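Let me begin by presenting the structure, written as structure tokens, before commenting on it.
In our numbering, the protein residues as written are 1 to 275.
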């Protein structure tokens with residue numbers, strides 16, 4: 001579990017510790033050693049092992065995947081949840097590099113390194129958002145994310161990042177808020193990897209998908225929303241996610257963005273058809 005020392009990530013780790021067996025090993029990872037150590041100690045479960053991991057370092061992600069493959073023969077569940085800071089009082093250009101490096105670079109690194117070590121029947125889940133559907137980016141840039149490869153999506157993220165710094169993002173059709181192209185790219189990355197693996201994965205019950213936890217009252221969301229009356233706590237958000245990843249694979253959810261067990265349509269036309 002990446003990004004697991006607080007918020008949703010920590011709640012998922014605690015939920016897994018409750019639901020899995022005493023011999024299962026759950027890795028709680030984050031990039032700050034003190035926070036990882038504190039969270040692991042506070043959870044206080046022998047199954048939970050804290051590890052420092054900076055998902056912006058693709059080499060470190062690959063090394064951990066190789067280590068777990070060598071020690072355990074593979075992994076059964078991977079949850080990519082790491083996200084960088086994003087606050088209203090700083091400009092998009094001041095924040096875009098770190099935010100994309102964590103959210104999108106981290107997602108790509110986890111997909112690329114942990115996909116090959118996922119055991120049959122395993123799960124690889126990326127925590128994303130309902131903002132990650134194609135209707136949250138303008139038609140002018142949608143083709144960067146639809147039906148493309150992981151490498152093409154990474155190139156699109158870099159194109160967006162460069163446009164923000166050049167001050168040309170708006171005229172090129174990119175959204176004003178970093179979260180929109182970032183979340184769309186996360187979901188697109190999952191779809192790209194899933195498209196390549198779909199036949200083999202469905203044959204052995206393996207699941208690759210992205211999930212939307214809904215509005216959750218966390219440190220990251222607090223600066224952006226005024227009304228949290230309908231928001232979930234991290235524990236409340238984790239419950240349906242855990243239900244989803246621990247149940248048998250539903251082929252209709254494979255490669256899709258899922259919220260509370262239901263698929264969120266990827267394209268605006270699919271959204272209209274669903275209604």
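The beta-carbon is built from N, C-alpha and C at its ideal position, and this holds for glycine as well.
In this text the structure is predicted, and so the values were computed from the model without any measurement.
- In the DSSP assignment, residue 76 falls within the beta strand (DSSP E) that extends over 75-80.
- Counting only the Cα atoms, residue 164 lies some 8 Å from residue 96.
- Following the DSSP letters along the chain, one finds residue 99 inside the alpha helix (DSSP H) bounded by residues 92-100.
- A direct Cα-to-Cα measurement between residue 83 and residue 103 gives close to 5 Å.
- Judged by DSSP in its simplified three-state form, residue 248 adopts coil rather than helix or strand.
- Residue 259: member of the beta strand (DSSP E) spanning 257-259, first to last residue.
- Residue pairing of residue 27 in beta bridges, as defined by DSSP: 49.
- Secondary structure of residue 120 (DSSP, three-state): strand.
- Closest option to residue 181, judged by alpha-carbon separation, among 114, 249, 99, 261: 99.
- Contact between residue 4 and residue 81 holds: their C-beta atoms lie close to 7 Å from each other, under 8 Å.
- About 7 Å separates the beta carbons of residue 210 and residue 132, which is inside the 8 Å limit, making them a contact pair.
- The alpha-carbon of residue 32 is positioned some 11 Å away from that of residue 50.
- Between residue 263 and residue 256, the C-beta spacing is below 8 Å.
- For residue 209, the enclosing beta strand (DSSP E) stretches over residues 207-211.
- Check the Cα spacing between residue 79 and each of 62, 110, 87, 56: the tightest is with 110.
- Residue pairing of residue 262 in beta bridges, as defined by DSSP: 259.
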